[in-house]
Amino acid sequence: MREITYAQALAEALDEEMARNPTVFVLGEDVGPYGGVYKATAGLYKKYGDLRVLDTPISESAIVGTALGAAIAGMRPIPEIMFSDLLALAMDQIANQVAKARYMSGGNVKVPLVIRTNIGARGSMAAQHSQSVHAWFLNVPGIKIVLPSSPYEAKGLLKTCIRDDDPVLFLEHKLLYPQSGPVPEHEYTIPLGQARIVREGADVTLIAFSLMVQKAEAAARRLAEDGIEAEVIDPRSLTPLDFETIARSVSKTGRAVVVDEGCLTGGITAEIAARISSECFNWLDAPVARVGALDAPVPFSPPLEKAMIPDEYRIVAATKSVL
Amino acid sequence: MDQSITLDPELLLRLYRNMRRIRAFEETAWQMYAQQLMPGLAHLYIGEEAVAAGVCETLRPDDYLTSTHRGHGHVIAKGCPMRPMMAELLGRATGCCRGKGGSMHIASIEHGVIGANGIVGGGIPTAVGAALASKLQNSGRVTVCFFGDGASNNGTFHESLNMAALWKCPVVFVCENNLYGISVSQARHQAIRDIADRAAGYGMPGKVVDGNDAIAVYDAARKAVERARCKQGPTLLEMKTYRWGGHSVADPEHVYRDRDEVRDWKKRCPIVRLENHLRTHGILNDAKIAAIEEDVKKEIADAVQFAKASPFPDTSEAREDVFRMPPSEDRP
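Sequence order for the protein chains is A and B.
Under my numbering, the residue at position 267 of the first sequence is numbered 258, and the numbers go up by one with no gaps.
So the mapping is simple: my numbering equals the position in the second sequence, first residue as 1, plus 1.
Given below as structure tokens:
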């Protein structure tokens, strides 16, 4: 199968959906001729023009808010927010407007929009350009949260999200954009709410999202050298969360480690660990372990940045602590 | 002003009737609240009726509007019937939002009402987005964006006006300057006197309008809506008006504004003003006014009866409508 990068896979998904449905359009900062800072909208401006690929002022609140109005009025907008840190500037629009519009209207409006942005620490961009903020939105009912972990996942999930009638927060990863992987040339989509079993194993379940799926796989390979077979699960989306697949795995392994790049305290690992503890209690042979970023802003200096973010060694250590 | 407006009896009677309908609806909402039939908060529109009636008279049924926490008047003027509105205020299953929005989030998309908003300034970008959609769809629809003087200090106001002017979106920004953001007077929350001046900063026309003069409101809105519909871009209209009551019915208003000021503004009642104009020109007389009052009374009584007789939503409804396409896995 041909290999393309994660960024190319995203651009292909956008291109195919724009060609398929004239109501789909993208808007955001530098998404036009520049092609987006991570090149996920490369080529679209030339092909679709400035009415469907809108460069916006630096106005995050209005980028998300106009997307909401356009969605209610029958379009399928795809606003891009350059870094997930900047979602804070649009927080009211996301949490109070986008996520609640359908509910507050008693189901009379639909809000088909996909907010694309990226998480992750990369290249010493430090505290305001490196955060993994998905946990902020886990406590906001009404918005789906999707975290693609590879080029194949990125393309298939983005196409599904664009066709979905609900708002989606689509969180890409900075370190994944340049990575290549197999992506079929034929049309495909990946349903939301179905976890992917990345690697099968009988001894322990590792649950990870986005870039952390690779780290969990690397940890699983190291554990295998010691005769420990880890099952790695990529739930793909936090909302909806395919807890059934997680529970089925834990019922088999009796042990679970939840990994995420966001800060540990109040993060998504806490939510998933709590559910495993309460809903899978009878199967557990050990407490659920969690691996997350340190509870600090992401620092600038390279060794400090590296120390912040979970890696395969921390995942191996956490896994061994529950074996 | 053009006599085709000032002496068009049908138009003027529609304006008058709608203002009376809004006033009566709000007085009834007040009663419902006092009788504890209406939960939550009630931000009443009494005193500002000329703005909603005048602006919405210029709109097509398929045009959009976004509203504020003080939104009942806009929704009535845009054509939403009173039955589902009153039921919504009372939290009933037959409400236009099935009891999930209430007074502050009332919406009726089938009438082009995208929604009231509990967040000051929160709906301004939404209006620009709806207008952007109309532009992309070439539908000829116009969006009216209502907000208050308080919202003109929020970031969304500035971001949205800039974007709308830049992209020539078919939107009309209608600032209802009722002189107070809750308790803080305009003189204490911004250094300018005319919010319409801010339009110049975004490259769009701005106009100050006497918001208690329904004919002036209609005339200004008609020109701005026409301009938007002809793809000439947005306009900022500042309607100088006044709310007779407190910010909400629970507001101790006399802490921050004196009774003389309120009394002076009540003398400038927009309904009485139009009524006098209509009497002077022989369009209205006592008998006609009594007939309109009777109609309005019946309409309100019917809406109240409908709302009171309607059931509350089943508690299972609390988790409905979070998503249109529900997650495959559903937690209890």
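For each residue, glycine too, the CB sits at the ideal point set by N, CA and C.
Collapsing the DSSP output to three states places R107 (chain A) in a strand. Measuring C-alpha to C-alpha distances from S242 (chain A) to each of A:N273, A:M66, A:V137 identifies A:N273 as the nearest.
Only residues of its own chain outside the window of five on either side were considered, and among them none has a CB closer than 8 Å to the CB of D287 (chain B). Across the stretch 132 to 162 of chain A, CB contacts with chain B closer than 7 Å involve P132, G133, D155, D156, D157, in sequence order along the chain.
At the C-beta level, M66 (chain A) and A134 (chain B) come within 8 Å of one another. Taking 8 Å as the upper bound for CB-CB distance, E49 (chain B) and G80 (chain B) are not in contact here, some 18 Å apart. In the displayed model, E321 (chain B) falls within coil according to three-state DSSP, outside both helix and strand. DSSP places I49 (chain A) in the coil class of the three-state scheme, outside both helix and strand. Between L214 (chain A) and A221 (chain A), the gap from beta carbon to beta carbon is short of 8 Å.
DSSP links G116 (chain B) through a beta bridge to B:T67. Under the Cβ criterion of 8 Å, M82 (chain A) is not counted among the residues facing chain B. Between Y168 (chain A) and T(-4) (chain A), the gap from beta carbon to beta carbon is short of 8 Å. Close to chain A, meaning a Cβ-Cβ distance shorter than 8 Å, are the following residues of the stretch 310 to 324 of chain B: E321, D322, V323, F324. The DSSP-derived three-state label of F148 (chain B) is strand. Distances from the alpha-carbon of Q233 (chain B) to those of B:E276, B:W266, B:V173, B:R274 put B:V173 closest. Contact annotation: L285 (chain B) and L42 (chain A) have beta-carbon atoms that are not nearer than 8 Å. For I267 (chain A), no chain B residue has a Cβ inside 8 Å of its Cβ, as the nearest lies near 14 Å away. Between I54 (chain A) and P70 (chain A) the beta-carbon gap is near 5 Å, inside 8 Å, which marks them as a contact. With fewer than 16 other CB atoms across the displayed protein chains lying within 10 angstroms of its CB, L8 (chain B) is exposed. Contact annotation: V282 (chain A) and P301 (chain A) have beta-carbon atoms nearer than 8 Å. At a cut-off of 8 Å between C-beta atoms, S242 (chain A) does not count as an interface residue with respect to chain B. Chain order gives the chain A residues near V129 (chain B) as A53, G56, T57, G60, where near means a beta carbon separation below 8 Å. If the five residues before and after Y39 (chain A) are omitted, its C-beta is found closer than 7 Å to the C-beta atoms of M9, all from its own chain and listed in chain order. According to DSSP, P173 (chain A) shares a beta bridge with A:E(-6). Within the same chain, and ignoring the five residues on either side of A43 (chain B) in sequence, the residues whose Cβ sits closer than 7 Å to its Cβ are A30, W31, Y34, S104, S249, V250. According to the DSSP assignment, P271 (chain B) belongs to the alpha helix (DSSP H) that extends over 271 to 281. Straight-line measurement puts the Cα of V44 (chain A) at about 34 Å from the Cα of V76 (chain B). Rounded to whole angstroms, A287 (chain A) and E303 (chain A) show a C-alpha spacing of 20 Å.
Within 8 Å of the CB of F16 (chain A), the CB atoms of chain B belong to L137, in sequence order along the chain. Cβ atoms of N178 (chain B) and K268 (chain B) stay farther apart than 8 Å, at about 19 Å. R107 (chain A) and W245 (chain B) have their C-alpha atoms roughly 45 Å apart. Judged by DSSP secondary structure, I69 (chain A) falls within the beta strand (DSSP E) whose first and last residues are 67 to 71. Put simply, the CB of N130 (chain A) is far from chain B, with every gap to its CB atoms at 8 Å or more.
Assignment of D157 (chain A) by DSSP, reduced to helix, strand and coil, places it in the coil class. In this structure R22 (chain B) is not in contact with V218 (chain B), their Cβ atoms being roughly 16 Å apart against a cut-off of 8 Å. C170 (chain B) is a Cβ neighbour of V129 (chain B), given a cutoff of 8 Å.
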